[in-house]
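Chains as they are written, first to last, in the working numbering: chain Y, 3 to 493; chain W, 36 to 514.
Glycine is no exception: its CB is placed at the ideal position from the N, C-alpha and C atoms.
Given the structure is predicted, the values throughout are model-derived calculations rather than measurements.
Structure first, commentary second.
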Amino acid sequence: MGEGDQAIHQRTLAGLAKGLAAGEFSSRELTEALLERIAKHQATLNAFITVTAEQALDQADRADQARTSGNGGPLNGLPIVHKDLFCTRGVLTTCGSRILDNFVSPYDAAVVERLAAAGAIMLGKTNMDEFAMGSSNETSFFGPVTNPWDTKLSPGGSSGGSAAAVAARIVPAATGTDTGGSIRQPAALTGTTGIKPTYGRVSRFGMVAFASSLDQAGVITRSAEDAAMLLGVMAGHDVRDSTSVDHPVPDYVAGLGKSVKGLRIGIVRQHFDEGLDSQCAASVKDALKSLEDAGAELVDVDLPNIGLSVPTYYVVAPAECSSNLSRFDGVRFGHRAEKPEDLLDLYSRSRGEGFGAEVKRRVMTGTYVLSAGYYDAYYLKAQKVRQLISQDFRNAFENVDVIAGPTAPTTAFAIGEKTDDPITMYLNDIYTIGANLAGLPGISVPCGLADGLPVGLQMVGPHFAEEALLACAHQYQQLTDWHQRAPGGFL
Amino acid sequence: MSGHWEVVIGLEVHTQLATKSKIFSGASTSYGADPNTQACLIDLGYPGVLPVLNAEVVRMAAKFGLAVNARIAPRSVFARKNYFYPDLPKGYQISQYELPIVESGELFIRDDEGNEKRIGITRAHLEEDAGKSVHAGFGKSSGIDLNRAGTPLLEIVSEPDLRSAKEAVAYMRKIHSIVRYLEISDGNMQEGSFRCDANVSVRPRGQKELGTRAELKNLNSFRFVEKAINYEIERQIELIEDGGEVVQETRLYDSDKDETRSMRSKEEANDYRYFPDPDLLPVEIDDEFVEAIRKTLPELPDAKQARFVSQYELKAADAEILTISRALADYYEAVAGNTSAVAQVAANWVIGDLSALLNKENVDIQESRISATNLAGLLDRIADNTISGKIAKEVFEAMWLGEGSADEIIEAKGLKQITDTGAIESIVDAVIEANPGQAAEFRAGKEKLLGFFVGQVMKETGGKANPGQVNQILKTKLK
Numbered sequence: 003m004g005e006g007d008q009a010i011h012q013r014t015l016a017g018l019a020k021g022l023a024a025g026e027f028s029s030r031e032l033t034e035a036l037l038e039r040i041a042k043h044q045a046t047l048n049a050f051i052t053v054t055a056e057q058a059l060d061q062a063d064r065a066d067q068a069r070t071s072g073n074g075g076p077l078n079g080l081p082i083v084h085k086d087l088f089c090t091r092g093v094l095t096t097c098g099s100r101i102l103d104n105f106v107s108p109y110d111a112a113v114v115e116r117l118a119a120a121g122a123i124m125l126g127k128t129n130m131d132e133f134a135m136g137s138s139n140e141t142s143f144f145g146p147v148t149n150p151w152d153t154k155l156s157p158g159g160s161s162g163g164s165a166a167a168v169a170a171r172i173v174p175a176a177t178g179t180d181t182g183g184s185i186r187q188p189a190a191l192t193g194t195t196g197i198k199p200t201y202g203r204v205s206r207f208g209m210v211a212f213a214s215s216l217d218q219a220g221v222i223t224r225s226a227e228d229a230a231m232l233l234g235v236m237a238g239h240d241v242r243d244s245t246s247v248d249h250p251v252p253d254y255v256a257g258l259g260k261s262v263k264g265l266r267i268g269i270v271r272q273h274f275d276e277g278l279d280s281q282c283a284a285s286v287k288d289a290l291k292s293l294e295d296a297g298a299e300l301v302d303v304d305l306p307n308i309g310l311s312v313p314t315y316y317v318v319a320p321a322e323c324s325s326n327l328s329r330f331d332g333v334r335f336g337h338r339a340e341k342p343e344d345l346l347d348l349y350s351r352s353r354g355e356g357f358g359a360e361v362k363r364r365v366m367t368g369t370y371v372l373s374a375g376y377y378d379a380y381y382l383k384a385q386k387v388r389q390l391i392s393q394d395f396r397n398a399f400e401n402v403d404v405i406a407g408p409t410a411p412t413t414a415f416a417i418g419e420k421t422d423d424p425i426t427m428y429l430n431d432i433y434t435i436g437a438n439l440a441g442l443p444g445i446s447v448p449c450g451l452a453d454g455l456p457v458g459l460q461m462v463g464p465h466f467a468e469e470a471l472l473a474c475a476h477q478y479q480q481l482t483d484w485h486q487r488a489p490g491g492f493l
Numbered sequence: 036m037s038g039h040w041e042v043v044i045g046l047e048v049h050t051q052l053a054t055k056s057k058i059f060s061g062a063s064t065s066y067g068a069d070p071n072t073q074a075c076l077i078d079l080g081y082p083g084v085l086p087v088l089n090a091e092v093v094r095m096a097a098k099f100g101l102a103v104n105a106r107i108a109p110r111s112v113f114a115r116k117n118y119f120y121p122d123l124p125k126g127y128q129i130s131q132y133e134l135p136i137v138e139s140g141e142l143f144i145r146d147d148e149g150n151e152k153r154i155g156i157t158r159a160h161l162e163e164d165a166g167k168s169v170h171a172g173f174g175k176s177s178g179i180d181l182n183r184a185g186t187p188l189l190e191i192v193s194e195p196d197l198r199s200a201k202e203a204v205a206y207m208r209k210i211h212s213i214v215r216y217l218e219i220s221d222g223n224m225q226e227g228s229f230r231c232d233a234n235v236s237v238r239p240r241g242q243k244e245l246g247t248r249a250e251l252k253n254l255n256s257f258r259f260v261e262k263a264i265n266y267e268i269e270r271q272i273e274l275i276e277d278g279g280e281v282v283q284e285t286r287l288y289d290s291d292k293d294e295t296r297s298m299r300s301k302e303e304a305n306d307y308r309y310f311p312d313p314d315l316l317p318v319e320i321d322d323e324f325v326e327a328i329r330k331t332l333p334e335l336p337d338a339k340q341a342r343f344v345s346q347y348e349l350k351a352a353d354a355e356i357l358t359i360s361r362a363l364a365d366y367y368e369a370v371a372g373n374t375s376a377v378a379q380v381a382a383n384w385v386i387g388d389l390s391a392l393l394n395k396e397n398v399d400i401q402e403s404r405i406s407a408t409n410l411a412g413l414l415d416r417i418a419d420n421t422i423s424g425k426i427a428k429e430v431f432e433a434m435w436l437g438e439g440s441a442d443e444i445i446e447a448k449g450l451k452q453i454t455d456t457g458a459i460e461s462i463v464d465a466v467i468e469a470n471p472g473q474a475a476e477f478r479a480g481k482e483k484l485l486g487f488f489v490g491q492v493m494k495e496t497g498g499k500a501n502p503g504q505v506n507q508i509l510k511t512k513l514k
């Protein structure tokens, strides 16, 4: 089916760029069509917290003018949405939390700034787990997001709104953040493509912190090509983020053509043990077989300490979050308790009312592991294990170019199914957390359907191997059409 | 403290670094602006903002480290000190904890007996200051001013080597002098740019282990440091001698009542949950950087003092006073280098008349209305007997009032000393003639009356007669 036959909302970012360039439609027409689609599906999916229609139409008009005068940026007139964790000037930025339900950011995050400077149009802000803490989008103060493949199911999280919006063909692309799998897991559960770049690849400035040493911004799209288009704009050094790395940004789109012939793909045996749903395992193995058939070499690799990644993560991430979230105290911005009696009352009620249960659980866990007398046993030990896990990856990458396996242990699960059991919920990120602990880039691409629900293939590479990951994902998407499958109700 | 008790004191000096912008943001650090006008989103701890280290503070800290013969850590790490307070916007203070930038330094002071004494410097670390809570004028609420939030501080921690309040003050003055020599802090104590906490304990003389200490917070003048420590020493000794026990606690000094009082006990102390700040990279310093900094070090107070003693043959005590500040030392050298007067005489004038006048007028040496050149010119005229020491004071005051150089003033006021022997002789003759009674008494052996005659001659000459000559001539004529 040629692009011209596709409804406008079904086109990928690359397809839309061609349509705009060819004058098939204007940015305004495109924006209007997508805004309509947002409105139409909001009640079902709850993917958005804020829709910035007026601002988007203004931007679209400017983009149309720029195109006419021939000076539009590389993403000129292309619509995107931002996870509500990115600060957006003059627009509500809630992080899915009551404590920021009135917070209008006075500035733009670096990611928002760069995409806007490239001409992208922001249609709105997407729903998410509160402060990105969750794997199901159920911890949002604004209610859960549903999965377009089956609205009784969760789209995963924490970037659930972004993933659902992209999967439902509401928007072609969305930003997300990934601290333990928050881009890759929802991408897997919604049949979309999600990339978490190397830690330090994309500036964290203006991205509200959950766990600073793990957080990284990325994108959820419907193809590796679209991800490459966006990442090329988002990536790069930013002096406002000391952990941002001054490392050249390759032309990711130009690199997509690289064949997988000779690519050494590492397979971690532990990732295929009993924790993995058998149908998911079958899909992932099929995908690996396709890559092998295309000339890649499958190599067994061992990550001896990878089994410790979930407990390690659940010490490090809560520790950092307990400190990062201290600034939400009701003093300068955000939710403030009414008529506080004294300072302690102001703090405890503002925070008690403002934060949800999962955030409180992690703040308390984090406070505990950093406390005098426990620090060495928990935080320090976790940091040491983190070093071991990083070393495991370094060793593995001496023999392979990428490591591939499942993104999540199962397909999408029902909303409400795991909310009473945080441990089971945490295990959903068992395959993704390692990349965050080691600061490595990872991508999830759709690789099959199990009982009609998407399965994700994850590939993790060495630091700054985004180009190789995107190329491999793109080559795979040339061989298969899983990424083009749309959920039935959202064609 | 004499007798049975030995006092043990360690100081934590907080010195504000004289950077233009804050330690982790581009906001200005200048003092006295309207509340909350010098706090940017980073200082306010807004969601999503990140700290970026001001490289200048690293250079300044390294400079200090080298000046106190310390080790500059090749790798130091910023940590978060977590606690809730309204003037602490992020809910944590960024400081250095396990790995400070400066370690194991030393400096030398004079102890109570005047002997040189080494005081160890455990460490010096970089941190950000908090804002200010303003409790007056807001009814039941408090105001928060975050202008100071994020101001760079160097916290300098001494070993518990100090044994009296006087030593503590001498140590603090030395640090004050060093940071100003290095031009890394303005040392302004009124504005809070230089303040300290004192850890004070007492133990029976000869006992090895330390007594329980109290921490005295936020002492912002040399006088308060001395008074607060002395009060605290007495309080602790009295407490123990009455059968009580010192408890580990933080105490505040109330300068109005001249007493310390408990602020919080050890049990109430915060668990700060320090951990490395993941938003900042470790500070890495190589030898090349350290050597480049070393080259920028000025001559420091101790070296300058030693040089003044050898080069100008000054008394040690005078050299010490003259080298307290670089500006004063520079002024002195400009005087001493431009006059034919003896260097010690120049020192006497700078330490004596000039310092007294500066104190009285409350101005710094840099703002002295008598330039070093003019003071040197004045000393020349004393040295070549153009004027007497007494007349010199008059000229000095006229110079302060802006009446010109010493020569101009001497000329304009006709103050040139009378050195013409004939002229002095005739005045002496007249004075003896006018006071025959006193002359007789003198000749009869009452030699004290010489002063009377000198005074009379001076009166006649308007003080312009050369005092040596007057003495000589009087003695001859009254034989």
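6 Å CB neighbourhood of residue i in its chain, flanking five on each side removed
i	result
W40 of chain W	V237 and I272
A111 of chain Y	F88, C89, G208 and M209
A407 of chain W	Y366, A369 and V370
Residues bridged to residue i [DSSP beta-bridge criterion]
i	result
N234 of chain W	W:G45 and W:E250
T245 of chain Y	Paired residues: none, contrary to the question.
A416 of chain Y	Y:L155
T285 of chain W	W:E250 and W:R299
Of the residues the options, the one placed nearest residue i, counting alpha carbons only
i	options	result
H337 of chain Y	Y:R91, Y:I308 and Y:F143	Y:F143
E141 of chain W	W:E396, W:I191 and W:A74	W:I191
N104 of chain Y	Y:H485, Y:F330, Y:T245 and Y:T482	Y:F330
G79 of chain Y	Y:T128, Y:A111 and Y:G17	Y:G17
P424 of chain Y	Y:A211, Y:G368, Y:S446 and Y:Y316	Y:Y316
A319 of chain Y	Y:V365, Y:A166 and Y:I101	Y:V365
H273 of chain Y	Y:A9, Y:Q460 and Y:Y428	Y:Q460
S297 of chain W	W:T50, W:E250 and W:K494	W:E250
D86 of chain Y	Y:V106, Y:G75 and Y:Q67	Y:V106
F259 of chain W	W:R416, W:D232 and W:G241	W:D232
Beta-carbon proximity list for residue i, same chain, < 7 Å, skipping 5 on both sides
i	result
N307 of chain Y	V387, L390, I391 and D394
G4 of chain Y	With a pLDDT of 49 at G4 of chain Y, under the threshold of 50, the predicted position of this residue should be treated as unreliable, though the coordinate-derived value follows. The answer is none, since no qualifying residue turns up.
T70 of chain Y	none
V430 of chain W	L413, I422, A441, I444, I445 and L450
Q479 of chain Y	S225, A226, V447 and H485
Proximal residues of chain Y, C-beta to C-beta of residue i below 8 Å
i	result
G80 of chain W	R329 and R334
G222 of chain W	Those do not exist, as G222 of chain W stays about 30 Å from chain Y at its closest Cβ, beyond 8 Å.
P121 of chain W	D331, V333 and L345
Nonlocal neighbours in the same chain, by C-beta distance under 8 Å from residue i, ignoring five residues either side
i	result
Y349 of chain Y	D331 and G332
I432 of chain Y	G277, S311, V312 and P411
Contact set between residue i and chain C, taken where Cβ atoms lie within less than 8 Å
i	result
G98 of chain Y	The displayed structure is made up of protein chains Y and W, and chain C is not among them.
Contacts that residue i makes with chain W (C-beta to C-beta distance below 9 Å)
i	result
D243 of chain Y	L85, V87 and D314
Cross-chain neighbours of residue i in chain W, by beta carbon under 8 Å
i	result
Y381 of chain Y	F310
E38 of chain Y	Correct list: empty, because the minimum Cβ distance to chain W is about 31 Å.
G208 of chain Y	G83 and V84
Y349 of chain Y	F119
Contact test: residue i Cβ vs the ligand GDP heavy atom, cutoff 8 Å
i	result
M427 of chain Y	As far as ligands go, the structure on display features none, and thus does not contain the ligand GDP.
* Curious, which full-length beta strand (DSSP E) runs of at least 3 residues does the region 131–184 of chain W contain? -> 137–145, 151–163, 167–169 and 178–180
* Runs of beta strand (DSSP E) lying entirely within the region 252–282 of chain Y, each at least 3 residues, in chain order -> 266–270
* Complete alpha helix (DSSP H) runs within the region 318–375 of chain W (minimum length 4 residues, chain order) -> 322–330, 336–347, 351–357 and 361–371
* To do: Ignoring anything shorter than 4 residues or poking outside the region 473–501 of chain W, list the alpha helix (DSSP H) runs there in chain order.
  => 485–495
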